[in-house]
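Numbering (numbering that gives the first Met the number 0), first residue to last: 0 to 301. Here the structure comes first, spelled out in structure tokens, and everything after it is commentary.
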Amino acid sequence: MHITVVPASPKTGQATIRSLLADPFNPTVRAYYRDLSKVPSELKSNPRFEAVKGDVEDAGSLDFSGSDAVLNITPPLYEEKDIIAHARLVSENVKAAVKKAESVKRLVLLSSVGAQYAHGTGEILTNHEAEVVLKDAAPEVVFVRCAYFMENWATALETLPQGFFFTTLTPLDHALPMIAVQDIGSTCAAELLATGTALPSSPHIFELHGPRAYTSADVQKAFEEMLGKSIEMRSVEKSGLHDFYAAVFPPGVAAHFAEMNKSYLEGGILYEDPQPTPGEKRYGNTELVDVFRQMLGAGESP
Ligand SMILES: NC(=O)c1ccc[n+]([C@@H]2O[C@H](COP(=O)([O-])OP(=O)(O)OC[C@H]3O[C@@H](n4cnc5c(N)ncnc54)[C@H](OP(=O)(O)O)[C@@H]3O)[C@@H](O)[C@H]2O)c1
Numbered sequence: 000m001h002i003t004v005v006p007a008s009p010k011t012g013q014a015t016i017r018s019l020l021a022d023p024f025n026p027t028v029r030a031y032y033r034d035l036s037k038v039p040s041e042l043k044s045n046p047r048f049e050a051v052k053g054d055v056e057d058a059g060s061l062d063f064s065g066s067d068a069v070l071n072i073t074p075p076l077y078e079e080k081d082i083i084a085h086a087r088l089v090s091e092n093v094k095a096a097v098k099k100a101e102s103v104k105r106l107v108l109l110s111s112v113g114a115q116y117a118h119g120t121g122e123i124l125t126n127h128e129a130e131v132v133l134k135d136a137a138p139e140v141v142f143v144r145c146a147y148f149m150e151n152w153a154t155a156l157e158t159l160p161q162g163f164f165f166t167t168l169t170p171l172d173h174a175l176p177m178i179a180v181q182d183i184g185s186t187c188a189a190e191l192l193a194t195g196t197a198l199p200s201s202p203h204i205f206e207l208h209g210p211r212a213y214t215s216a217d218v219q220k221a222f223e224e225m226l227g228k229s230i231e232m233r234s235v236e237k238s239g240l241h242d243f244y245a246a247v248f249p250p251g252v253a254a255h256f257a258e259m260n261k262s263y264l265e266g267g268i269l270y271e272d273p274q275p276t277p278g279e280k281r282y283g284n285t286e287l288v289d290v291f292r293q294m295l296g297a298g299e300s301p
């Protein structure tokens with residue numbers, strides 16, 4: 000089986016490629032990078048891996064001919080641009096390339112919990128836009144709606160050496176589903192390798208969560224367990240979210256991140272979830288402490 004990953008540079012793309020190359024089914028993988036210097040060196044020597052230069056912003060740079068399946072990721076944009084229009088453009092480019100390559104039977108889209116909503120979810124609206132464009136891109140379409148990435152907590156690495164981290168997940172006992180990137184990679188790989196197996200419907204949509212939901216207090220405990228010392232948690236209240244994100248992002252991006260963050264806190268659309276994803280939920284095995292162990296480097300203390 001031949002599989003294309005586009006773009007390949009996001010951490011979820013990398014995790015999927017590693018799962019595919021480790022699979023006994025021995026698929027071949029074509030991976031799109033807008034910058035070929037980003038290709039991880041350990042992949043370059045694998046005879047079943049091919050890195051090609053291409054950008055989802057440029058339809059002419061994408062050629063999926065010969066591929067049975069495609070994994071598409073909507074790249075996040077941290078610039079002061081219309082992120083919804085950008086998501087529409089890159090999704091339409093991918094859809095056109097899928098349609099042009101008659102060999103592609105299945106498209107798997109890495110999406111997000113909450114992608115069914117057309118308002119009130121901030122940055123997740125880019126995943127909504129991608130789903131709208133790609134719902135009929137191939138004979139078999141799968142949307143993997145991922146929960147909050149455990150790796151998002153990597154932002155804490157900056158402040159942990161000073162003994163604290165910021166949390167925007169409030170109140171501190173509010174539990175949120177979280178998923179490890181490694182589990183996203185193995186789930187997407189399995190969906191790609193199942194190309195040709197009948198789906199219950201197309202698009203087939205499911206949510207992907209970790210083994211359990213975690214609170215900010217769980218996150219603090221996991222950091223303390225890893226580091227062997229007490230760590231202070233500084234919570235950012237709902238009213239302070241915009242200023243918190245505006246300290247690192249341009250104003251438009253900060254507004255989208257603040258809205259996304261509010262959407263899963265009490266009163267937000269994802270908290271209420273009036274139109275939940277129907278059907279099954281899937282659960283990864285990787286725990287938060289496992290991700291933190293990797294993130295912090297075994298045995299190191301910041
Ligand atoms: N974070 C969460 O909690 C969460 C939850 C659910 C769903 N999601 C979704 O997951 C996706 C993000 O995945 P991720 O965290 O794996 O991303 P990521 O690691 O933050 O990846 C960003 C990458 O996108 C690449 N990129 C940006 N613009 C590109 C373009 N025009 N063409 C090709 N590549 C481009 C960049 O590649 P370069 O190396 O070339 O710069 C960069 O490596 C998003 O769709 C997001 O909405 C996230």
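Ideal Cβ positions, reconstructed from N, Cα and C, are used throughout, including at glycine.
Distance CB(residue i)-CB(residue j) smaller than 8 Å
i: I82; j: T11; result: no
i: L19; j: L175; result: no
Near ligand 1: residue i beta-carbon under 7 Å from a heavy atom
i: T214; result: no
i: K10; result: yes
i: S111; result: yes
i: E56; result: yes
i: C145; result: yes
i: D34; result: yes
i: P170; result: no
i: I2; result: no
Identity of the residue in the options nearest residue i by Cα
i: Q161; options: I230, G278, V290; result: I230
i: A21; options: H127, L156, S185; result: S185
i: A129; options: A146, E91, E101; result: E91
i: D289; options: P275, G266, D242, L226; result: L226
i: T169; options: F248, Q274, L240, L35; result: L240
Simplified DSSP state of residue i, which is helix, strand or coil
i: H208; result: strand
i: V28; result: strand
i: L198; result: coil
i: F291; result: helix
i: Y213; result: strand
i: R48; result: A quick correction: the sequence has Phe, not Arg, at residue 48. DSSP places F48 in strand when its eight states are reduced to three.
i: S300; result: Note that S300 has pLDDT 43, beneath the 50 cutoff, so the model's placement of it is unreliable and the number below is only indicative. If DSSP states are grouped into helix, strand and coil, S300 belongs with coil.
i: I230; result: coil
i: R17; result: helix
i: S64; result: coil
i: R33; result: coil
i: S40; result: helix
i: S8; result: coil
i: L264; result: coil
task = Entirely within the segment 115 to 179 and at least 3 residues each: give me those beta strand (DSSP E) ranges in chain order.
result = 139 to 145, 163 to 166, 175 to 178
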